[in-house]
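These protein sequence lines are chains A and B, in that order.
Residue numbering for the first sequence is 285 to 403, as defined by the numbering used here.
Residue numbering for the second sequence is 285 to 403, as defined by the numbering used here.
Here's the structure, in structure tokens; my notes come after.
Number of protein chains: 2
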Amino acid sequence: MTDSPALRTALAYHHAWTGGDFELAMTHVCDDIVCLAPSGRLDGAAAFRQFMGPFAQIATRVELLAAFGDDTTAVVMYDTDTVPVKDAPGAECVTVTDGKITWMRIVFDRVPFEQARSA
Amino acid sequence: MTDSPALRTALAYHHAWTGGDFELAMTHVCDDIVCLAPSGRLDGAAAFRQFMGPFAQIATRVELLAAFGDDTTAVVMYDTDTVPVKDAPGAECVTVTDGKITWMRIVFDRVPFEQARSA
């Protein structure tokens, strides 16, 4: 299952941020990444960092549910517990070019996070 | 990529509901399916049908972004336009046993659907 160049990069990124080393995770992200997130499109590593960094900080448990890939595309699905919300799964579909994540579509449900914020 | 028993079933289910034949899609779903949806856990095909059937009816466009699998697990990620919400991506991680989907974790963002409902 890890015999995929794209998946190797996706998992390196995943294990870095879930292991608490977000700077290491960012080394797998292209400067020009385009990330389609529930809140909208993010252009570039700085915008991506602002989005994903805070989430990595509040995650208290991450469990990989599935990880697959081919030469250029990988999908990672995981469940997380976070400080405000338990059981918050997410899925990422990434394109990898020259060992860096150049495109990411990330899907998760914002409702429980909004509920926690307004509680 | 389709050389996976689990993925064959996941895609048969996917192509059936996106092709407008939800009853055909349900033939790939185990009577005892457990589905973990954003709104909570659904037990059994009847509960699953109540959840997924209405969504299939409002989908106007479905684009497969990625589909991978192995013997027992598959992941499908797609983008959809629906009558109330455009650009509503979803991801499904399924377990397949004896050619039927017995477990599904489905992830999507409920926020735009709630916004459309209250608009």
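Ideal placement from N, C-alpha and C gives every residue a C-beta, glycine not left out.
Just so it is clear, the structure is predicted and the values come from calculations on it, not from any experiment.
| Asked | Found |
| --- | --- |
| Tell whether a beta-carbon distance below 9 Å holds between C290/A and V378/A. | Note that residue 290/A is Ala in the sequence shown here, rather than Cys. Contact: yes. |
| Name, please, each residue of chain B whose Cβ falls closer than 8 Å to the Cβ of E347/A. | Simply none; closest approach about 11 Å. |
| Using beta carbons (cut-off 9 Å, strictly below), is V369/A in contact with chain B? | no |
| Based on the DSSP secondary-structure assignment, which residues constitute the bridge partners of V318/A? | D327/A, W387/A |
| Do the CB positions of G318/B and D327/B come within less than 9 Å of each other? | Reading the sequence as shown, one finds Val at residue 318/B and not Gly. Cβ distance < 9 Å, so V318/B and D327/B count as in contact. |
| Ignore the nearest five residues each way along the sequence and tell me which others in F335/B's own chain have a CB closer than 8 Å to its CB. | C319, A321, S323, L326 |
| What does T357/A touch in chain B if you count any residue whose Cβ is under 7 Å from its own? | A350 |
| Measure from the alpha carbon of G374/B to the alpha carbon of each residue in E307/B, M361/B, T381/B, I385/B, then state which is nearest. | M361/B |
| Is R394/B helix, strand or coil when you go by DSSP? | coil |
| Step through the CB atoms of chain A and report whether any lies within less than 9 Å of the CB of D354/B. | yes |
| Considering only C-alpha positions, which residue in the set D382/B, V391/B, E398/B is nearest to D363/B? | V391/B |
| Which residues in the same chain as A296/A place their Cβ atom closer than 6 Å to its Cβ, once the five residues preceding and following it in sequence are excluded? | H312 |
| Taking C-beta to C-beta, are H298/B and A350/B nearer than 9 Å? | no |
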